[in-house]
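2 protein chains.
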Amino acid sequence: MDPIITAFASAPDRGRGLARDFRVRWALEELGQAYQVRLLSFAALKEPGHRELQPFGQIPTLEVDDVAVFETGAIILHLAQRHPGLLPVGTAARARALSWMFAAVSTIEPPIVERSMAAMLERDKPWFAERMPMLDERIHRRLDELAAHLGGSEWLDGAFSAGDLMVVDVMRRLSGSGLLEAHPSVAAYIARAEARPAFQRAFEAQRAVFEARGA
Amino acid sequence: MDPIITAFASAPDRGRGLARDFRVRWALEELGQAYQVRLLSFAALKEPGHRELQPFGQIPTLEVDDVAVFETGAIILHLAQRHPGLLPVGTAARARALSWMFAAVSTIEPPIVERSMAAMLERDKPWFAERMPMLDERIHRRLDELAAHLGGSEWLDGAFSAGDLMVVDVMRRLSGSGLLEAHPSVAAYIARAEARPAFQRAFEAQRAVFEARGA
Chain Z
1 MDPIITAFAS
11 APDRGRGLAR
21 DFRVRWALEE
31 LGQAYQVRLL
41 SFAALKEPGH
51 RELQPFGQIP
61 TLEVDDVAVF
71 ETGAIILHLA
81 QRHPGLLPVG
91 TAARARALSW
101 MFAAVSTIEP
111 PIVERSMAAM
121 LERDKPWFAE
131 RMPMLDERIH
141 RRLDELAAHL
151 GGSEWLDGAF
161 SAGDLMVVDV
171 MRRLSGSGLL
181 EAHPSVAAYI
191 ARAEARPAFQ
201 RAFEAQRAVF
211 EARGA
Chain W
1 MDPIITAFAS
11 APDRGRGLAR
21 DFRVRWALEE
31 LGQAYQVRLL
41 SFAALKEPGH
51 RELQPFGQIP
61 TLEVDDVAVF
71 ETGAIILHLA
81 QRHPGLLPVG
91 TAARARALSW
101 MFAAVSTIEP
111 PIVERSMAAM
121 LERDKPWFAE
131 RMPMLDERIH
141 RRLDELAAHL
151 GGSEWLDGAF
161 SAGDLMVVDV
171 MRRLSGSGLL
181 EAHPSVAAYI
191 ARAEARPAFQ
201 RAFEAQRAVF
211 EARGA
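First to last, the protein sequences are chains Z and W.
Just so you know, full-length UniProt numbering puts 136 at position 136 of the first sequence, and the rest follows in order with no gaps.
Just so you know, full-length UniProt numbering puts 56 at position 56 of the second sequence, and the rest follows in order with no gaps.
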């Protein structure tokens, strides 16, 4: 049986691959694993059936054999431990890839999500103009630190890994924000990752869901 | 050689164990592993030596044999994969523990940190009174979802695991906020975890750092 992931039936990003199923699709493509997708309406996310798989009513989830996993980091790690291609073999290098996977969701993503939410929910608030530069500053600091680590390297630590995949994917939400332009080496790093054939296949697959809706 | 972790020489929490080294100390105690601590000043965090271990200039880090790890989730997972006591043996149960470890830092912690930062940095801003209830509401939703998952269970999924350790630790920052009082089953779950001997040993160890400063 192919693994089954869940995704939004109707993603709010108009086919730009910004929902969190995207990074799991990308990982499955990097690992050469076929998969099936169960599309869920926003109402279905909150129903007990899905809550049993995902206590917070989010996507994506992964079901494979008798295993059910939630949270993109856990899903990608579970897959990468079972199929070669996204984790180095040595203990020390694997520990560093793991560090980057957690850094993606724990250190880099939160200020980016906070900024997206403010842009969406607080745009009409009187404080928006004063608060936004504070949020931008926190993101710039992270991007500076990432650029310093990357230096002239192609990837974060040797070969492309699940750490790169997750760090790049959390930064993709900055596209269009104008923030990446101040960090050309980070922008080039994201572009290198997006040029990978597995990224392209995952992107087309999620885009087909949007296009099938005839929107 | 014992593993070496890093921690703040002068934590801003006055010995309450809220800095992120605490959850690694707790994990090491649960696993019965002795460890050493290298205390760092705030200035030392930003120096190239520490940045090589931790690109974002944070604590904690872990060095053991030739392995260097950063991010609490990665550190705890690395240790729990090598010593028994914090991860179930079966594939399906282990995948669920992994899901909770990522949920802790990716889904539960960000709104809690955002609220702490607002309470610290935005208290004098004109928008504080209107914005705080929005932040509280996001945290209440997560706590409701957690309570629904827990039901009458002692732990999240069978025996106490690294998932429980991380979920509990990210919620400890809510102590004193008044938010936990609306979720008695979650508060009881945190209290059960804090009563564990390993938690107590870790708490005393970090408190000794504060007390040694003569503050």
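Yeah, the Cβ is synthetic: ideal placement off N, Cα and C, and Gly gets one too.
- Between W/Ile76 and W/Met1 a beta carbon distance of about 19 Å is seen, past the 8 Å cut, so the two are scored as non-contacting.
- If you draw a straight line from the Cα of W/Tyr189 to the Cα of W/Ile108, it comes to about 15 Å.
- Unbroken alpha helix (DSSP H) runs of no fewer than 4 residues, entirely contained in the UniProt domain "GST C-terminal" (90-212) of chain Z, are found at 91-103, 109-121, 128-150, 162-171, 184-194, 197-212, following chain order.
- Using a CB distance cut-off of 8 Å, W/Asp66 counts as an interface residue toward chain Z.
- Around the C-beta of W/Gly152, fewer than 16 other C-beta atoms lie within 10 Å, and the residue is accordingly described as exposed.
- Listed by position along chain Z, the residues whose Cβ is nearer than 9 Å to that of W/Lys125 are Trp127, Glu130, Arg131.
- Take Z/Ser10, set aside five residues on each side of it, and the residues of its chain with a beta-carbon closer than 8 Å to its own are Ser41, Phe42, Arg213, in chain order.
- According to the DSSP assignment, Z/Glu63 belongs to no alpha helix (DSSP H) but to the beta strand (DSSP E) extending over 61-64.
- If you check the CB distance, Z/Ala74 and W/Ala95 come in under 8 Å.
- For Z/Val69, the chain W residues whose Cβ falls inside 8 Å of its Cβ are Ala95, Arg96, Leu98, Ser99, in order along the chain.
- The beta carbon of Z/Ala202 lies closer than 6 Å to those of Arg25, Trp26, Glu29 in the same chain, with the five residues before and after it left out.
- Z/Asp169 and Z/Gly32 have their C-alpha atoms spaced approximately 19 Å apart.
- Around the beta carbon of Z/Pro111, 16 or more other beta carbons lie within 10 angstroms, which makes this residue buried.
- Residue range 67-70 is occupied by the beta strand (DSSP E) that includes W/Ala68, with no alpha helix (DSSP H) assigned at that position.
- With distances taken between CA atoms, W/Thr6 lies nearest to W/Glu63 out of W/Asp13, W/Gly17, W/Glu63.
- Taking 9 Å as the Cβ-Cβ cut-off, the stretch 38-49 of chain W has no residue approaching chain Z.
- For W/Ala44, the enclosing alpha helix (DSSP H) stretches over residues 42-45.
- Taking a contact as a CB-CB distance under 8 Å, the pair Z/Ile59 and Z/Phe8 counts as one, their CB atoms being some 6 Å apart.
- Using a Cβ distance threshold of 8 Å, Z/Leu87 and Z/Ser161 count as a contacting pair.
- Taking C-alpha positions only, Z/Leu121 is separated from Z/Gly90 by approximately 45 Å.
- When CB distances to chain Z are screened at a threshold of 8 Å, not a single residue of the stretch 192-204 of chain W falls below it.
- For W/Arg20, the secondary structure class from DSSP, reduced to helix, strand or coil, is coil.
- Using a 10 angstroms sphere on the CB of W/Gly17, the tally of other CB atoms reaches 16 or more, which defines it as buried.
- Under the DSSP definition of a beta bridge, Z/Ile76 lacks any partner.
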